[in-house]
Amino acid sequence: DSGVTQTPKHLITATGQRVTLRCSPRSGDLSVYWYQQSLDQGLQFLIHYYNGEERAKGNILERFSAQQFPDLHSELNLSSLELGDSALYFCASSDSGLGGAEQYFGPGTRLTVT
Amino acid sequence: DAKTTQPNSMESNEEEPVHLPCNHSTISGTDYIHWYRQLPSQGPEYVIHGLTSNVNNRMASLAIAEDRKSSTLILHRATLRDAAVYYCSLYGAGSYQLTFGKGTKLSVIP
Chain D
1 DSGVTQTPKH LITATGQRVT LRCSPRSGDL SVYWYQQSLD QGLQFLIHYY
51 NGEERAKGNI LERFSAQQFP DLHSELNLSS LELGDSALYF CASSDSGLGG
101 AEQYFGPGTR LTVT
Chain Z
1001 DAKTTQPNSM ESNEEEPVHL PCNHSTISGT DYIHWYRQLP SQGPEYVIHG
1051 LTSNVNNRMA SLAIAEDRKS STLILHRATL RDAAVYYCSL YGAGSYQLTF
1101 GKGTKLSVIP
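Here is the structure:
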């Protein structure tokens, strides 16, 4: 158990809908990262928040947004969903946002868009 | 962003050492080298990371080439529980993001 929790575990929704994925980092970790894992693209970095502030953005679509709240939990919002958004979404946390910090991953949310 | 290249798959006999190679020829001077592994139906798990010097921890060793253009993850005695996909990745100190390679699927033969 990494100490990172993600809810829900599974999500099935229709095209055009909007969903929210939630992540609670390990106690004391200030950084939260979001990743998308699909069969064809592998593990792709989406976005990084540090202590409530956006620190880095990867290949995140404009239909996707995220935020980190004062209690440090984070939410990833996916809107106008398309079939191609079906994937595993992981969040990870680390104690700092620096290169020397290991990241601890949650168990993921499996999103299926039908 | 710098990229990593790994073999798609490797096999090892149980209780033998495993050397998993990774090429990162475009690495920049401030990029950290991270290794993670992922078991089926689980999130990635941190294994080890380093910047310039070789590193050891309870799980593995990381050997980094002098020019930093390649690295090798060393599992000293493979067990069946080590069968997983191993990802070599780079954390850009300036970009604040981890870029994953495609991973090496390690099979351990009893």
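Protein chains in written order, with this note's numbering: chain D, 1 to 114; chain Z, 1001 to 1110.
Backbone N, C-alpha and C define an ideal beta-carbon position, used for all residues, glycine too.
Quick caveat: nothing in here was measured; it's all calculated off a predicted structure.
- Excluding residues up to 5 positions away in sequence, Y1036 lie with their Cβ nearer than 7 Å to the Cβ of Y1046 (chain Z) in the same chain.
- In the structure shown, R63 (chain D) adopts coil according to DSSP, grouped into three states.
- If the five residues before and after G58 (chain D) are omitted, its C-beta is found closer than 7 Å to the C-beta atoms of Q44, F45, L46 and I47, all from its own chain and listed in chain order.
- Along the segment 1002–1063 of chain Z, the beta strand (DSSP E) occurs as fully enclosed runs of 3 or more residues at 1009–1013, 1018–1023, 1031–1038 and 1045–1050, listed in sequence order.
- Residue state for L21 (chain D) is assigned as strand, using DSSP reduced to three classes.
- Interface flag for A1060 (chain Z) against chain D is unset, since no Cβ pair is found closer than 7 Å.
- Look at L111 (chain D) here: in three-state DSSP terms it is strand.
- Counting C-beta atoms within 10 angstroms of its own C-beta, L11 (chain D) has 16 or more neighbours from the protein chains shown and is therefore classed as buried.
- Note on geometry: alpha-carbon atoms of G1029 (chain Z) and G106 (chain D) lie some 30 Å from one another.
- Counting along the chain, the unbroken beta strand (DSSP E) around F1100 (chain Z) starts and ends at Q1097 to F1100.
- In the structure shown, L83 (chain D) adopts helical secondary structure according to DSSP, grouped into three states.
- The distance from the Cβ of A1084 (chain Z) to that of L1039 (chain Z) is about 5 Å, consistent with a contact at the 8 Å cut-off.
- Under the Cβ distance rule, K1102 (chain Z) counts among the residues neighbouring chain D, one pair being separated by less than 7 Å.
- A Cβ-Cβ contact shorter than 7 Å links H1024 (chain Z) with T1004 (chain Z).
- Using a CB distance cut-off of 7 Å, F90 (chain D) counts as an interface residue toward chain Z.
- Beyond the five residues adjoining it in sequence on each side, Y50 (chain D) comes within less than 7 Å, by CB distance, of L30, S31 and G97 in the same chain, given in chain order.
- Between the beta-carbon of M1059 (chain Z) and that of I1048 (chain Z) there is about 6 Å, and that keeps the pair under the 8 Å contact cut.
- Spatial neighbours of D95 (chain D) in its own chain (CB-CB distance under 7 Å, excluding positions within 5 residues in sequence) are listed in chain order as G28, D29, L30 and A101.
- Considering only D:E62, D:S79, D:E53 and D:S80, the residue with the shortest C-alpha distance to Q68 (chain D) is D:E53.
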